[in-house]
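In our numbering, the protein residues as written are 1 to 349.
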């Protein structure tokens, strides 16, 4: 089997030294009850890949989540100052994993929804050089734990993500996924709600290779702590998609909107001109006013489209500079030896 991955110092881990360093991170919020089962299912070693370390990011839990993690020998425990949300916990974990020198980072949930036995399946496509990001596909279309409404919503969500990112992801909102080191270095999560959709759209824009593999899941009877209701979850994800659309496809978005408004505005103007031509224009001035407003609004929206494209170019240059800076910092940082343990409190403004 060919393992083309090289570490930051240029070594081929399967020829020049020990295997890849795999880190499984678990963002947690009040998961003391289910965390032991999650930890017990995580393998200590993946054959042909390398050892596995575990990292728990506690998002201001009120229960004994941190104590449970300590008792079960979790290698790295990060405690956030207060409840920052899933997206912030994910980003905190990714940043720390990169500093630790992780070559592959697996993200799973603390509610025991995902089976740890599927972790090797997520890791291998990256270890073999076939993917940058691997998604754990819960197979929403046939998963009995999903209601018919949820299955339909999953299909719709995946279709929207496909349009925005060009990535065919059957389960776009799965939290069970693996990232290569390079993919992790390029990730910047802006939302505070959920990272799942935003990171996929970002990956598509950066041309990262994303694949899906089927994974085993468990039924979790308790309601989701991410969103109060399905309607709340959908509304937040739609906002995330809209923001991503404006961020990554601003030219197309504003250009289409501007041209559409301009085209609609022409219709009442033509209506006014028709009545004016037959001598009845006095009673239809409102059509002229409405059409003029729409045409002007369309014109300014088109101007915004080109301005936003210029801003987007600057953003992409800034992103590239940030990624290069992260790589430089990562290469200069001394990697802790495998087995190193972390106990830290972290916070963000």
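We put the CB at the ideal spot given by N, CA and C, even for glycine.
Starting from the Cα of residue i, find the closest Cα among the options and give me that residue.
i: residue 265; options: 238, 299, 247 and 277; result: 299
i: residue 35; options: 114, 103 and 45; result: 114
i: residue 205; options: 320, 287, 52 and 328; result: 320
i: residue 294; options: 215, 257, 161 and 90; result: 257
i: residue 343; options: 58, 242, 301 and 159; result: 58
i: residue 254; options: 307, 280 and 216; result: 307
i: residue 192; options: 287, 208, 88 and 128; result: 88
i: residue 165; options: 276, 150, 246 and 86; result: 246
i: residue 66; options: 234, 33 and 92; result: 33
i: residue 350; options: 73, 326, 128 and 280; result: Since the displayed the chain opens at 1 and closes at 349, residue 350 lies outside it and no answer follows.
i: residue 136; options: 30, 126, 176 and 280; result: 176
i: residue 220; options: 21, 37 and 93; result: 37
i: residue 72; options: 85, 86, 54 and 153; result: 54
i: residue 139; options: 312, 212, 277 and 235; result: 212
i: residue 234; options: 163, 149, 262 and 178; result: 149
i: residue 104; options: 183, 142, 167 and 315; result: 183
i: residue 93; options: 28, 134, 260 and 68; result: 28
i: residue 301; options: 262, 276, 96 and 101; result: 262
i: residue 132; options: 187, 86, 100 and 156; result: 187
i: residue 20; options: 110, 74, 52 and 167; result: 52
i: residue 74; options: 25, 189, 63 and 218; result: 25
i: residue 86; options: 70, 111 and 63; result: 111
i: residue 314; options: 259, 248 and 76; result: 248
i: residue 259; options: 96, 288, 303 and 152; result: 303
i: residue 126; options: 69, 178 and 326; result: 178
i: residue 90; options: 70, 189, 130 and 64; result: 189
i: residue 30; options: 64, 45, 167 and 46; result: 64
i: residue 100; options: 76, 84, 109 and 108; result: 76
i: residue 217; options: 284, 109, 68 and 96; result: 109
i: residue 244; options: 267, 203 and 324; result: 203
i: residue 327; options: 69, 95, 70 and 232; result: 95
i: residue 207; options: 168, 236, 231 and 232; result: 168
i: residue 231; options: 283, 341, 153 and 275; result: 153
i: residue 341; options: 47, 70 and 62; result: 70
From the beta carbon of residue i, is the nearest beta carbon of chain C less than 7 Å away?
i: residue 276; result: Although the question refers to chain C, the structure presented lacks it and comprises just one protein chain.
Quickly, what does DSSP pair residue i with across the bridge? List them, please.
i: residue 53; result: 23
i: residue 79; result: 58 and 345
i: residue 105; result: 23 and 179
i: residue 28; result: 58
i: residue 137; result: 214
i: residue 46; result: 50
i: residue 114; result: 217
Assuming residue i and residue j form a contact by the criterion Cβ under 8 Å, report the distance between their Cβ atoms to the nearest whole angstrom.
i: residue 23; j: residue 346; result: Not quite, the Cβ-Cβ distance comes to about 16 Å (not below 8 Å), so this is no contact.
i: residue 119; j: residue 106; result: 6 Å
i: residue 124; j: residue 215; result: With a Cβ gap of about 13 Å, residue 124 and residue 215 do not count as contacting.
i: residue 412; j: residue 330; result: The requested residue 412 is not part of the displayed model; the chain covers only 1 to 349.
i: residue 251; j: residue 297; result: Wrong, their Cβ atoms sit about 18 Å apart, outside the cutoff.
i: residue 201; j: residue 163; result: 10 Å between Cβ atoms; not a contact.
i: residue 181; j: residue 102; result: 7 Å
i: residue 281; j: residue 272; result: 6 Å
i: residue 269; j: residue 288; result: 6 Å
**Prompt:** Are three or more beta carbon pairs between the stretch 166-186 and the stretch 196-207 nearer than 8 Å?
**Reply:** Taking 8 Å as the limit for Cβ pairs, the verdict is that the stretch 196-207 does touch the stretch 166-186.
**Message:** With three or more C-beta pairs closer than 8 Å as the rule, is the stretch 58-69 touching the stretch 78-87?
**Reply:** Cβ pair count under 8 Å is three or more, so yes.
**Asked** Are three or more beta carbon pairs between the stretch 232-248 and the stretch 278-297 nearer than 8 Å?
**Response** Flag = no, the stretch 232-248 and the stretch 278-297 do not touch.
**Message:** Taking contact to mean 3 or more Cβ pairs, one atom from each stretch, closer than 8 Å, check whether the stretch 104-120 and the stretch 35-44 are in contact.
**Reply:** These segments touch.
**Asked** Whole beta strand (DSSP E) runs in the stretch 227-296 with 3 or more residues, listed along the chain?
**Response** Note on the stretch 227-296: there is no whole beta strand (DSSP E) run with a minimum of 3 residues.
**Message:** For a minimum of 4 consecutive residues, which ranges assigned as the alpha helix (DSSP H) are wholly contained in the stretch 154-207?
**Reply:** Counting whole runs of 4 or more residues, the stretch 154-207 contains the alpha helix (DSSP H) stretches 181-185 and 196-206.
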